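In this note's numbering, the protein residues as written are -17 to 62.
Have a look at the structure below, then the notes.
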Amino acid sequence: MREPDRIVRMKTVLSRTGLSRSTIYRNIRKGTFPPQIKISTNGAGWRESDINRWVADPVGWRAANDNNELGGKAGKHGAG
-17 MREPDRIVRM KTVLSRTGLS RSTIYRNIRK GTFPPQIKIS TNGAGWRESD
33 INRWVADPVG WRAANDNNEL GGKAGKHGAG
């Protein structure tokens, strides 16, 4: 059985990717970085598996085409 995906916060994403906060948000808008998921009223984070996939192949990463996204908004690729 697959282990549940952990949620990582901005501080972890910054250290794992080496990107700045503004670059992360810009790349989310462009569809070249995993989108955040809302975890509370004022909190958001990323699926650790999404960050791991991005770190493994930052140039080739595109929003997942997986149908098992949990309410993800990855379908808005053309916006922007």
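Cβ coordinates follow ideal geometry from the N, Cα and C atoms, glycine included.
As the structure is a prediction and not an experimental result, all values here were calculated from the model.
- The three-state reading of DSSP puts isoleucine -11 in strand, counting E and B together.
- In the displayed model, arginine 44 falls within coil according to three-state DSSP, outside both helix and strand.
- Taking a 10 Å sphere around the C-beta of valine -5, we find 16 or more other C-beta atoms and assign the residue as buried.
- The residues Asp(-13), in chain order, have a CB closer than 6 Å to that of serine 31 in the same chain once the five nearest residues on each side in sequence are set aside.
- In the structure shown, the three-state DSSP call for isoleucine 19 is strand.
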